[in-house]
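Participant: Below is the structure I would like to discuss, written out as structure tokens.
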Amino acid sequence: MLQQLFTPSVQHTLDLIGIFVFAISGALLAVRKNFDVFGIAVLAEVTALGGGLFRDLIIGAVPPAAFTDLGYFLTPLLAALLVFFLHPHVERIQTGVNVFDAAGLGLFCVSGTTKAYEYGLGLTASAALGLATAVGGGVLRDVLANEVPSLLRWDRDLYAVPAMVGATMVVLCIRFDALTTVTSGIAVVTAFVLRLLAMRFHWRAPRAWNRRSTVREEEPAKATA
Amino acid sequence: MLQQLFTPSVQHTLDLIGIFVFAISGALLAVRKNFDVFGIAVLAEVTALGGGLFRDLIIGAVPPAAFTDLGYFLTPLLAALLVFFLHPHVERIQTGVNVFDAAGLGLFCVSGTTKAYEYGLGLTASAALGLATAVGGGVLRDVLANEVPSLLRWDRDLYAVPAMVGATMVVLCIRFDALTTVTSGIAVVTAFVLRLLAMRFHWRAPRAWNRRSTVREEEPAKATA
Amino acid sequence: MLQQLFTPSVQHTLDLIGIFVFAISGALLAVRKNFDVFGIAVLAEVTALGGGLFRDLIIGAVPPAAFTDLGYFLTPLLAALLVFFLHPHVERIQTGVNVFDAAGLGLFCVSGTTKAYEYGLGLTASAALGLATAVGGGVLRDVLANEVPSLLRWDRDLYAVPAMVGATMVVLCIRFDALTTVTSGIAVVTAFVLRLLAMRFHWRAPRAWNRRSTVREEEPAKATA
């Protein structure tokens, strides 16, 4: 068993911030898709809690934290309410939302990896599950909204790589017995800054080698929808 | 631990009725989507059992009831067969199906909430999970059929609210130590009647405040598909 | 508890082969959908491990094998890399891929059924879960790619039936106390050959009886997409 990564109250506050900003992104997509107020609330909950729920089911931590901590459940509702009443303003501050979302990505990849390791998974599996924790909510959000998950699309800025780097730093720290509040804080910040840079400079991942040669191109309308 | 909400055989019969009517709705969507007989069976199973399966995974009741009770598994197949051979007639009685579906909604939100509480969840979490039990199968049905879940769409009559009301009544009864067969029966009937009224008078939930001002409208063809 | 179906190392090798060929099919779909390299890796992992993950969550085998066996996790990445660099060649050998995929279907329906029974499920439930193990990854693949699962579509050659037959043979063998390496090998081969025949002769399942009479037809463009 690891030492607690952060003091419980700090960890909890950071979790709530991550949940809140992810919920904002879910609620905004719901508004764009023309969902009603319940659709906004559902998409906020799913986006914010989906990744952690998946992680907890995998490691056998049932009932998952999302259902035992009232704050985890109520925070997305607050985000949904804010978006419901203020969404033109929320959209105007889209940059701010993206920055918070990047912070959530950094926090969740680190806390997800740590929790998976605490529950006995190996290092590689812990990093994979940390990545899944960080990106899972967004994938569920897009599936429910009937869109291709933006995680998978080549025309979006890098999202998985920063989380992978953060998760990898955590398992390396564990491997070399150097996981402390400081080093995991560095992992959070690294993932966060990488994501910010990816958005700023539109870093993208390559598509399959030479793919135009034999494969039918998706029509542009769909590829950029 | 609560007392058993209903006598086991009554509870079981009510569950099977709820499963059956949910399965009918899944099978009918499969017919409309032009699926083959196996697609019809799969969509019937998923719609009928998906919500309870999700609940059982969350509370750690594994293997879930859907895999331990043969009746739960076979009932959707019966519904699929009926729809396969008789679907023009089943469609003609769409109103009847909607009434049964409303009954299933009422039953599942109450039984889901109660089961979640029996497994140790808090009151708010139990109500949330009861709601998820009631609506989860329909969401999975729509995701598999590659449609936007009708739960989320503003142009459908209220569906989540009746289940929320039913689940809330159950947790209030638990809170004030008044959960009996009678009070939970009242919760079932309330959710059922609210859903009927929502269909009759086309009650709908609002979309985001003032949303036309800055957000791109989905094209009508899609919004009403 | 059953005797081990195969010797552990043989079982493990067969599992890895099944995982590899399923991962190839996921990676190829990702290329066709124009996903980037991470999308290719994610779809390879999900296709290869999704069915087994679902089975393990249902039977309570947590953490699932996909997260405890490093080979299970790395094999899909290898498949993704191969497709990333070589996909024109991989596509040219599409027939070969289909044959391997059929082999994976046969292996997974048998091993899924056996594992479910070992964890205490009934015969019917074990067969159903074996079927879900075999087809689950492909369904998740199609959902993430925002397509109607090819499992459900009438215009695809039979896929579920061979797996059903294999799973049914296993539970009949268990029922009559005749499950040995030989009989389960026969079940694998039967499912495998049935799937090959279904592809060769384009066997398809019927759609709902007389369905044109009252139901709106999906436009052909969508039905054959």
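Protein chains in written order, with the UniProt record's numbering: chain W, 1 to 225; chain V, 1 to 225; chain C, 1 to 225. Ideal Cβ placement from N, Cα and C applies to all residues, glycine included.
Mind checking who Asp36(W) pairs with in its DSSP beta bridge?
Facilitator: In DSSP, Asp36(W) forms a bridge with Arg207(V).
Participant: Quick one: grab the DSSP three-state call for Leu86(W).
Facilitator: DSSP places Leu86(W) in helix when its eight states are reduced to three.
Participant: Excluding five sequence neighbours on each side, which residues of the same chain lie with their C-beta closer than 8 Å to the C-beta of residue 230(V)?
Facilitator: The displayed coordinates of chain V run from 1 to 225. Any statement about residue 230(V) would go beyond what the structure contains.
Participant: Mind checking which residues open and close the alpha helix (DSSP H) that includes Val171(C)?
Facilitator: Start and end: 160 to 175.
Participant: Quick one, which of Val31(W), Leu129(W), Leu152(W), Tyr119(W) has its alpha-carbon nearest Asn34(C)'s?
Facilitator: Of the candidates Val31(W), Leu129(W), Leu152(W), Tyr119(W), the one whose C-alpha sits nearest the C-alpha of Asn34(C) is Leu152(W).
Participant: Looking only at its own chain, which residues have a Cβ that is under 8 Å from the Cβ of Arg204(W), when we skip the five neighbours before and after it?
Facilitator: Same-chain partners within the cutoff: Trp154, Asp155, Arg156, Asp157, Leu158.
Participant: Closer than 7 Å by C-beta to Ala208(W): which residues in its own chain qualify, once you throw out the five before and the five after it? Chain order, please.
Facilitator: Result list for Ala208(W): empty, nothing under 7 Å.
Participant: Tell me, to the nearest whole angstrom, how far the beta carbon of Phe73(C) is from that of Ala125(W); I am working on the premise that it is less than 8 Å.
Facilitator: Correct: roughly 7 Å between the Cβ atoms.
Participant: Examine chain C for any beta-carbon lying closer than 8 Å to the beta-carbon of Gly51(V), and answer yes or no.
Facilitator: Judged by the 8 Å Cβ criterion, Gly51(V) is not in contact with chain C.
Participant: In this structure, does DSSP put Thr13(V) in helix, strand or coil?
Facilitator: Helix.
Participant: Give a yes or no on whether the minimum CB-CB distance between Ile58(C) and chain V is below 8 Å.
Facilitator: Closer than 8 Å to some Cβ of chain V, the Cβ of Ile58(C) qualifies, so yes.
Participant: Buried or exposed: Ser9(W), going by 16 or more other Cβ atoms within 10 Å of its Cβ?
Facilitator: Flag for Ser9(W) reads exposed.
Participant: I'd like the list of long-range same chain contacts for Arg216(V), defined as Cβ closer than 6 Å, with 5 residues on each side in sequence excluded.
Facilitator: Low confidence applies here, because Arg216(V) scores a pLDDT of 48, under 50, leaving its location unreliable and the question unanswered by this model.
Participant: Grouping DSSP H, G and I as helix and E and B as strand, with all else coil, what is Arg153(C)?
Facilitator: Strand, per DSSP.
Participant: Quick check on the burial criterion: 16 or more other C-beta atoms within 10 angstroms. Buried or exposed for His89(C)?
Facilitator: Exposed, by the Cβ-count rule.
Participant: Within 8 Å (strictly less), CB to CB, does Leu121(W) reach chain C?
Facilitator: Leu121(W) counts as touching chain C.
Participant: Quick check on Asp101(C): does DSSP put it in helix, strand or coil?
Facilitator: Here Asp101(C) sits in helix by DSSP.
Participant: Spell out whether any CB of chain W is found under 8 Å from the CB atom of Asp157(C).
Facilitator: No, because no Cβ of chain W sits closer than 8 Å to the Cβ of Asp157(C).
Participant: Out of His12(W), Ala65(W), Phe54(W), which has the shortest C-alpha to C-alpha gap to Gly122(V)?
Facilitator: Answer by Cα proximity: Ala65(W).
Participant: If distances are taken between C-alpha atoms only, which option among Val62(W), Ile24(W), Lys115(W) comes closest to Asp101(W)?
Facilitator: Residue Ile24(W) is the option with its Cα nearest to Asp101(W).
Participant: Residues in its own chain within less than 7 Å of Asn98(C) by CB, not counting five upstream and five downstream?
Facilitator: Excluding sequence neighbours, Asn98(C) sits near Met199.
Participant: Going by DSSP in three states, Leu123(V) sits in which element: helix, strand or coil?
Facilitator: Leu123(V): helix per DSSP, three-state reduction.
Participant: Mapping DSSP to helix, strand and coil, what is Glu45(C)?
Facilitator: Glu45(C) falls in the helix class under three-state DSSP.
Participant: Quick one: list the residues of chain W neighbouring Ala116(C), beta-carbon separation under 7 Å, in chain order.
Facilitator: By Cβ distance, chain W contributes nothing, its closest Cβ being about 18 Å from Ala116(C), past 7 Å.
Participant: So, does the CB of Asp15(V) fall closer than 8 Å to a CB anywhere in chain C?
Facilitator: Not closer than 8 Å to any Cβ of chain C, the Cβ of Asp15(V) fails to qualify, so no.
Participant: Go to Gly185(V), then tell me how far its alpha helix (DSSP H) extends in each direction, as first and last residue.
Facilitator: Note, Gly185(V): alpha helix (DSSP H), 181 to 201.
Participant: Give a yes or no on whether 8 Å exceeds the smallest Cβ distance from Trp154(V) to chain W.
Facilitator: For Trp154(V), the answer is yes, since a Cβ of chain W falls inside 8 Å of its Cβ.
Participant: How far does the alpha helix (DSSP H) with Ala65(W) in it reach, from first residue to last?
Facilitator: 65 to 68 is the span of the alpha helix (DSSP H), which, as asked, contains Ala65(W).
Participant: So with CB distances below 8 Å, who are the chain C contacts of Asn98(V)?
Facilitator: Result: empty, since nearest Cβ-Cβ is about 17 Å, beyond 8 Å.
Participant: Under the three-state reduction of DSSP, which class applies to Glu118(C): helix, strand or coil?
Facilitator: Of the three classes helix, strand and coil, the one that applies to Glu118(C) here is helix, per DSSP.
Participant: From Phe113(C) to Thr47(C), what distance separates their C-alpha atoms?
Facilitator: Residue identity check: residue 113(C) is Thr in the sequence provided, not Phe. The alpha-carbon atoms of Thr113(C) and Thr47(C) are separated by roughly 19 Å.
Participant: What in chain W is Cβ-close to Val143(V), meaning under 9 Å?
Facilitator: Residues of chain W passing the Cβ test: Val143, Leu144, Asn146.
Participant: Residues in the same chain with beta-carbon distance under 6 Å from His87(W), minus the five sequence neighbours each way, listed in chain order, please.
Facilitator: Contacts found: Val31.
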